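Novice: Take 945 as the starting number for the sequence shown in the working numbering and just add one per residue.
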Amino acid sequence: MLPSDPSRPPGIEVALRAHLRHSPVEFRADTGQSPAAAVADAFGTAPTLEALLNSVLDEELAIISLSEIGLNDVAAWSVFLDRFAAARASGRAGPALLVTDIPANLAIPIEAMPQTWQKGLRRGDLVIWAEEHLPATREGLAGEWAVVLAVELCVWRLDLAASLVRASLDDLADPVAWLSRRPEAPILGQQIPCPLAILAGQRKSEIQQRVWKAQLTALFPEIESRRLEIVAAHRSRLRLDDHLRGLGVTSIEEIELGAIRFQLRGSLTRQEANRLEVLLLARNALAHRQPVPPEDAQKLLRN
945 MLPSDPSRPP GIEVALRAHL RHSPVEFRAD TGQSPAAAVA DAFGTAPTLE
995 ALLNSVLDEE LAIISLSEIG LNDVAAWSVF LDRFAAARAS GRAGPALLVT
1045 DIPANLAIPI EAMPQTWQKG LRRGDLVIWA EEHLPATREG LAGEWAVVLA
1095 VELCVWRLDL AASLVRASLD DLADPVAWLS RRPEAPILGQ QIPCPLAILA
1145 GQRKSEIQQR VWKAQLTALF PEIESRRLEI VAAHRSRLRL DDHLRGLGVT
1195 SIEEIELGAI RFQLRGSLTR QEANRLEVLL LARNALAHRQ PVPPEDAQKL
1245 LRN
């Protein structure tokens, strides 16, 4: 069963065909047609469930679209698919059925429940998907941040992930605002919640925690790298005083941003001081499990 929700990546049927040893039979079910008769007609068997559960059809696949069935056909297809899935799950022989374009009111049998994206996708898959949609011109911190944010915030919503990595820097700096403007509908009932469903449920703190986790992965190393650059550039002006030693600092390289700002006050240009202030504010936010404020995130991404 392949539900047609917005998170489903395009071209999945085409990709599936590339891995099949036999070409599948494909058809669109007609209104008023018996489900068993429709499938049997595709395989050339008698129009009964027993005739379909045949070892001769073991390596066959039918891709069935239900886009054209009417309201009166839903019950018949629900019963047929339930019986077919139960028989195949019990070990009976027969073909595989890939059912697409599923009506919202079709009862999906538990044995045929789709491999949902949050279970079927590994983190590496999500990273590859995000990087495939990343603009070629987006490099460095902005590119890394876009990919990590798409993975953590959007998870199995591949449609959102593809849009997010192409978003503006302002949107990457304020992903909660970006998400609140999305026109896509939330997808409910998933073990790992859809970000739009979380936002619609007024659980903004859950979204912020996803953003914080992404920033911790992508921005924190950049903040640390820039701290060390400042230390290297102003090493001669930095000192290990008794206060720092009392905090356990044993080398100049370990001096944190707050102490660096204090010791270099009056020694930095306005631009250097502003950059240091942004690093300090961003570092403090992440240390307190809070996302970096959008205005500070923008400055990190642009400088």
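C-beta atoms are modelled at their ideal positions from N, C-alpha and C, and glycine is treated no differently. Note that the structure is a prediction, hence the values are computed from the model and not measured.
Which whole-angstrom value describes the C-beta separation of H966 and E1004, a residue pair presumed to lie in contact below a C-beta threshold of 8 Å?
Specialist: H966 to E1004, Cβ: 7 Å. Contact.
Novice: Assuming G1035 and L997 are in contact, meaning their beta carbons sit under 8 Å apart, how far apart are those beta carbons, in whole angstroms?
Specialist: Rounded, the Cβ-Cβ distance is 10 Å, inconsistent with contact.
Novice: Pull up the distance between the alpha-carbon of V1018 and that of D1045, whole angstroms please.
Specialist: Approximately 12 Å, taken between the alpha carbons.
Novice: Should V1092 and T989 be called a contact, given that it needs their Cβ atoms to be closer than 7 Å?
Specialist: Not in contact: V1092 and T989 (Cβ atoms no closer than 7 Å).
Novice: Would the beta-carbon of L1001 fall within 7 Å of that of F987?
Specialist: Yes.
Novice: Pick helix, strand or coil for R1183, following the three-state DSSP scheme.
Specialist: Coil.
Novice: With C-beta atoms as the reference, is D1103 less than 7 Å away from S951?
Specialist: Yes, these two residues count as a Cβ contact at 7 Å.
Novice: If contacts are defined as beta-carbon pairs under 8 Å, then I1008 and A973 qualify, I think. What distance do you get, rounded to the angstrom?
Specialist: With 8 Å as the limit, I1008 and A973 qualify as a contact, their Cβ atoms being about 6 Å apart.
Novice: Thinking C-beta only, is L1143 closer than 7 Å to I1151?
Specialist: Yes. Within cutoff.
Novice: Buried or exposed, going by whether 16 or more other CB atoms sit within 10 Å of the CB of L1108?
Specialist: Buried is the call here.
Novice: Roughly how many angstroms lie between the CA atoms of N1218 and D1240, to the nearest whole one?
Specialist: Between N1218 and D1240, the C-alpha separation is close to 11 Å.
Novice: How big is the Cα-Cα spacing for L1212 and G1068?
Specialist: Taking the straight line joining both Cα atoms gives about 42 Å.
Novice: What does DSSP give as the partner residue(s) for S1112 in the beta ladder?
Specialist: Answer by DSSP bridge pairing: none, since S1112 is not bridged.
Novice: Give the straight-line distance between the Cα atoms of P1238 and A1117, rounded to the nearest whole angstrom.
Specialist: If I take the Cα positions, the gap works out to 5 Å.
Novice: With L1201 and L1182 assumed to form a contact (beta carbons below 8 Å), what rounded beta-carbon distance in angstroms separates them?
Specialist: At roughly 12 Å, the Cβ-Cβ gap does not stay under 8 Å, so L1201 and L1182 are not in contact.
Novice: What does the alpha-carbon distance come out to for the pair V969 and A1121?
Specialist: Taking the straight line joining both Cα atoms gives about 45 Å.
Novice: What runs of the alpha helix (DSSP H), each 4 residues or longer, lie entirely inside the region 1134 to 1200?
Specialist: Entirely contained in the region 1134 to 1200, the alpha helix (DSSP H) runs reaching 4 residues are, in chain order, 1139 to 1144, 1148 to 1177, 1186 to 1190.
Novice: Within a Cβ cutoff of 7 Å, which residues of the same chain sit near S1022, ignoring the five residues on either side of it in sequence?
Specialist: Closer than 7 Å at the Cβ level, and outside the excluded window around S1022, lie L1050, A1051.
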